[in-house]
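Colleague: Residue numbers (this note's numbering): 5 to 487.
A single structure is presented below for examination.
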């Protein structure tokens, strides 16, 4: 049962081959047996899962149907879940139980999805390796000595190891697509505003976006269908109709114009990954796509712009964690200043403190214009590059990451080296565009992803291209040894 995709589970439940309760028990036992190797979960919710599974079986018995009704999933541990610890991978929120459900959690629960638990993540979603979590690093099931990517590394590792068929993630600068690439999954970052951020603990509010992580594009379409939609509680949510993502999966790629930016194939890209990307281009050409070289001239400025904007927003968002209202509080504070200093100093990890300091500096008097304002101007130039490119092509294709997964601890002493791993993904967040990573092969036994970007609200087109590619390749079907 653990090898079934979401789509296969939906068919199996509809045909009464097994019940949601049976499936949930199998997967909970599998998590208990295998997750100690991976550390992909922070909290398991066995009682809730079995209650939801029984309710889903009862709904099916009463004639209800739906692709997510009875399907087991997990949530990245920054989606608030009522009465359950929502830690954000941080000591700061280790004791926090959310008093309400995030919109994404509520929507998926209403669709009948079964929540098996909350997955491990980089602290406050800050990281590219899932090594900054208060609960310890997550291991990559393809090689337990390597990172799974971050910050949604727990969701990625759990799905890749077949502990469950799909999970939610969030993407601020590539945190769905990069771990998906490093663990052989399909991961989609929707257009900014397509999925509600209400109840999603913020890192950088103008960049964060929730999305699905699964083994196939077909499964991502199913999960995104349950997540997407307008939410009046979220002022950045867009009131735009949600199409039937599964209905567009089988469209022809004949005549589809795919742009390949020349800037993607610079000295920083592993040449073996470049070869796999070119192979995926040839595969799409066979399906009728037309390939064109394009240029994104301001891409070189993306990392410096992102690492000013994101920390600036983080320093503002994380100011609420002060030891007063909720979360970690230091022992025996001498006065209010001591309470603030020690609660934040003891509650936040090194990477989070680093980004708060960078952000506070960039926003400080005398530096705002020089750093933050300039970064926002670069952001606009990057968006303009994409708008010009999409006048010529329908999809932009390139690598998801410049390298395969690196060894645990290899970049801990050099944060900038880890930041450079986001070079291909952060532009989509700066511009608010939808992006998808799908499996494209292996380097030294480690998975590699190809990234697709599309114009605003064209998630269906991304899923269509990925699905057609997956019908004609088998990279996404490979399973890590031992799982």
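Every residue gets a Cβ at the ideal spot worked out from N, C-alpha and C, and that includes glycine.
My output table needs one value for residue 245: the three-state DSSP class, helix, strand or coil.
Modeller: Coil, per DSSP.
Colleague: Does residue 500 come out as helix, strand or coil in the three-state DSSP assignment?
Modeller: The structure shown does not extend to residue 500, since the chain is modelled only from 5 to 487, so the question has no answer here.
Colleague: From which residue to which residue does the beta strand (DSSP E) around residue 471 run?
Modeller: Unbroken run through residue 471 is the alpha helix (DSSP H), 463–475; no beta strand (DSSP E).
Colleague: Is the region 129–147 in contact with the region 381–401, if contact means three or more CB pairs nearer than 8 Å?
Modeller: Because the criterion of three Cβ pairs below 8 Å is not met, the region 129–147 and the region 381–401 do not touch.
Colleague: Whole-angstrom Cβ separation of residue 414 and residue 450, contact assumed at under 8 Å?
Modeller: Contact flag wrong, Cβ pair sits at about 13 Å.
Colleague: For residue 260, which residues from the same chain have a beta carbon less than 6 Å from its beta carbon, with the 5 sequence-adjacent residues on both sides left out?
Modeller: Answer for residue 260: 293, 398, listed in chain order.
Colleague: Measuring alpha carbon to alpha carbon, tell me which residue in 44, 114, 186, 274 is nearest residue 56.
Modeller: For the residues 44, 114, 186, 274, the minimum Cα distance to residue 56 belongs to 114.
Colleague: On the three-pair Cβ rule with 8 Å, is the region 219–233 touching the region 183–198?
Modeller: The region 219–233, when compared against the region 183–198, does touch it at the 8 Å Cβ threshold.
Colleague: Express the C-alpha separation of residue 401 and residue 174 in angstroms, rounding to a whole number.
Modeller: If you take the alpha carbons of residue 174 and residue 401, they lie about 21 Å apart.
Colleague: Could you check where the alpha helix (DSSP H) with residue 315 kicks off and where it finishes?
Modeller: Taken as a continuous stretch (DSSP letters only), the alpha helix (DSSP H) holding residue 315 covers 306–321.
Colleague: What three-state label does DSSP hand residue 40 in the structure shown?
Modeller: Helix, per DSSP.
Colleague: Taking the beta strand (DSSP E) that residue 218 falls in, what are its first and last residues?
Modeller: From DSSP, the beta strand (DSSP E) with residue 218 extends over 214–218.
Colleague: Name the one or two DSSP bridge partners that residue 172 has.
Modeller: Per DSSP, 216.
Colleague: Over the uninterrupted alpha helix (DSSP H) stretch that includes residue 454, give me the two end residues.
Modeller: Note, residue 454: premise wrong, no alpha helix (DSSP H); beta strand (DSSP E) at 450–457.
Colleague: In angstroms, rounded to a whole number, what distance separates the CA positions of residue 217 and residue 160?
Modeller: Computed Cα separation, rounded: 7 Å.
Colleague: Give the DSSP-derived three-state secondary structure of residue 78 in the structure shown.
Modeller: It is a strand residue.
Colleague: Leaving out five residues on either side along the sequence, give the residues of the same chain with a beta carbon under 6 Å from the beta carbon of residue 317.
Modeller: So the list reads 208, 209, once near-sequence residues are dropped.
Colleague: Within 10 Å of its beta-carbon, does residue 4 have 16 or more other beta-carbons around it, so buried, or fewer, so exposed?
Modeller: With the chain running from 5 to 487 in the structure shown, residue 4 is simply not present.
Colleague: If I measure Cβ to Cβ from residue 52 and keep anything under 8 Å in the same chain, skipping five residues before and after, which residues do I get?
Modeller: Closer than 8 Å at Cβ, skipping near neighbours: 88, 119.
Colleague: Any contact between the region 59–74 and the region 16–32? By contact I mean 3 or more CB pairs, one from each, below 8 Å.
Modeller: Flag = yes, the region 59–74 and the region 16–32 touch.
Colleague: Are the CB atoms of residue 430 and residue 380 nearer to each other than 8 Å?
Modeller: No; because the gap between Cβ atoms is not below 8 Å, this pair is not in contact.
Colleague: Spatial neighbours of residue 362 within its chain, please: CB distance less than 6 Å, with the 5 preceding and 5 following residues excluded, ordered by chain position.
Modeller: Hits under 6 Å: 315.
Colleague: In the DSSP assignment, what residue or residues form a beta bridge with residue 48?
Modeller: 121.
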